[in-house]
Ligand code: SAH
Ligand code: SF4
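Residue numbers (the working numbering): 4 to 358.
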């Protein structure tokens, strides 16, 4: 069978929802460049069948850039002494959540470095206050915590948790996150699923030492975990980290991973990540046409936003309301609409193939 027949067959298999093997996934990731459009188109159709044409919004507040970890890839790493650190006050966080509510965005993502100043009690208090004052659906993304912390967060009112596994290779994971172990990360993710959180995981694409086989294992892990949300973004080198200067301009491969994630996991919520938008002016719209169905506008107050410097050139520095207006018109330009409801993951009945 020619390569072309093989890829065509794989895409037919994927579109109708037959399971893809590890070998199939690797073949899709490695297929020659001219197959990208076909792969994206099939993922786009599966996204439409499974999730509809609407795009869901999550408003993100990056409330602390203090971090006790030293991940080699991240600008917030503890050893980066050139970063000016901040913590938003509780009042500032609540006021920002209210702003999100006012804009009509129904969910808030609270993200930070691993900062023990924000103790379990402090975070629980925040969750309770945000819930009481805004009723927003709350997603936490504050790194690894114990299962009992996760339970406390849930009891306080948190509904969702984002914890990217970053890479499914135990060796690469250990290298890029000194002192950390992939097993522990995966255990956290299983606890979250077990507790009933809508659980998000995901990876970075283009890490030094990463192979297509590792990327296939990332995708298989996402599927096996039965993750509800998937954050898939390109690695972008930060100048004040050990990975400075390792260029990654491979937006194409990231989009392929997004597309294969859609083919494999069918009805998950997949954001068009800010990192993709940073790497390419059309990155966000391209992802939305390659399987993604969520956008996460950044509501972090202007005085702090640029200091949440996980990678350089983070876009989306406009005031949030302007961003929403711009988003609306961008989204309309590709024939889609924004849905201002919470957008829980739901199992949709199989609706056949639409063209
Ligand atoms: N401290 C928490 C959440 C903040 S970091 C945690 O680590 O889980 C949020 C995400 O930023 C990480 O999951 C990682 O995938 C992403 N990130 C960090 N540095 C990056 C870089 N240089 N390029 C692309 N994404 C990066
Ligand atoms: Fe800290 Fe998360 Fe950055 Fe690692 S990726 S240094 S845990 S903020």
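Every residue gets a Cβ at the ideal spot worked out from N, C-alpha and C, and that includes glycine. Please read these numbers as outputs of a predicted model, since none were measured by experiment.
Bridge-paired residues (DSSP) for residue 301: Translated into the one-based positions of the chain shown, residue 301 becomes position 298. Looking at the DSSP assignment, residue 301 forms a beta bridge with 63.
By DSSP, does residue 404 sit in helix, in strand, or in coil? Past the edges of the chain, shown from 4 to 358, lies residue 404, and the structure says nothing about it.
Which listed residue (252, 269, 133) has its alpha carbon closest to that of residue 229: Within the chain shown, residue 229 is the residue found at index 226, counting from 1. The shortest CA-to-CA distance from residue 229 to any of 252, 269, 133 is the one to 269.
Give the secondary structure of residue 106 by DSSP, where H, G and I count as helix, E and B as strand, and everything else as coil. The residue given as residue 106 occupies position 103 in the chain shown. Correct three-state label for residue 106: helix.
Do the CB positions of residue 445 and residue 188 come within less than 8 Å of each other? Here the chain covers residues 4 to 358 and nothing more, so residue 445 does not appear.
Reduced DSSP secondary structure (H/G/I, E/B, other) of residue 201: Numbered from 1 along the chain shown, position 198 holds the residue referred to as residue 201. Annotated three-state conformation of residue 201 is strand, per DSSP.
Would you give the residue range spanned by the alpha helix (DSSP H) that residue 245 belongs to? Taking the first residue of the chain shown as position 1, residue 245 is located at position 242. Residue 245 -> no alpha helix (DSSP H), and no H or E assigned at all.
Under 7 Å: does the beta carbon of residue 79 sit that close to some heavy atom of ligand 2? The residue you call residue 79 lines up with position 76 of the chain shown. True, at least one ligand heavy atom lies under 7 Å from that Cβ.
How should residue 247 be labelled, buried or exposed, when 16 other C-beta atoms within 10 angstroms of its C-beta is the threshold for buried? Translated into the one-based positions of the chain shown, residue 247 becomes position 244. Around the beta carbon of residue 247, a 10 Å sphere encloses fewer than 16 other beta carbons of the protein chains shown; the residue is thus reported as exposed.
Boundaries of the alpha helix (DSSP H) in which residue 140 is found, first to last residue: The sequence position of residue 140 within the chain shown is 137, counting from 1. In the DSSP assignment, residue 140 falls outside any alpha helix (DSSP H) and within the unbroken beta strand (DSSP E) covering 140 to 144.
Could you name each continuous beta strand (DSSP E) segment of 3 residues or more that falls completely within the stretch 146 to 193, going from the start of the chain to the end? The stretch 146 to 193 contains these whole beta strand (DSSP E) runs: 163 to 165.
For residue 310, collect the residues of the same chain with a Cβ closer than 8 Å to its Cβ; drop the 5 residues on either side in sequence, then sort them by chain order. Within the chain shown, numbered from 1, the residue matching residue 310 stands at position 307. Correct list, in chain order: 68, 86, 87, 88, 89.
Mind checking residue 272: buried by the 16 CB within 10 Å criterion, or exposed? Here residue 272 is taken as the residue at index 269 of the chain shown, counted from 1. The Cβ neighbour count for residue 272, taken over all protein chains shown within 10 Å, is at least 16; the residue is labelled buried.
Residue 337 - DSSP class collapsed to helix/strand/coil: Numbered from its first residue, the chain shown carries residue 337 at position 334. If DSSP states are grouped into helix, strand and coil, residue 337 belongs with coil.
Assign residue 18 to one of three DSSP states: helix, strand, or coil. For the purposes of this step, residue 18 is identified with residue 15 of the chain shown, where counting begins at 1. Here residue 18 sits in helix by DSSP.
To which residues does DSSP link residue 272 through a beta bridge? Within the chain shown, numbered from 1, the residue matching residue 272 stands at position 269. Within the DSSP bridge table, the entry for residue 272 names 232 as partners.
Report whether the distance from the Cβ of residue 74 to the nearest heavy atom of ligand 2 is below 7 Å. Here residue 74 corresponds to residue number 71 of the chain shown, with the count starting at 1. The answer is yes for residue 74.
From what residue to what residue does the alpha helix (DSSP H) around residue 135 run? Counting from 1 along the chain shown, the entry for residue 135 is found at position 132. Note, residue 135: alpha helix (DSSP H), 123 to 137.
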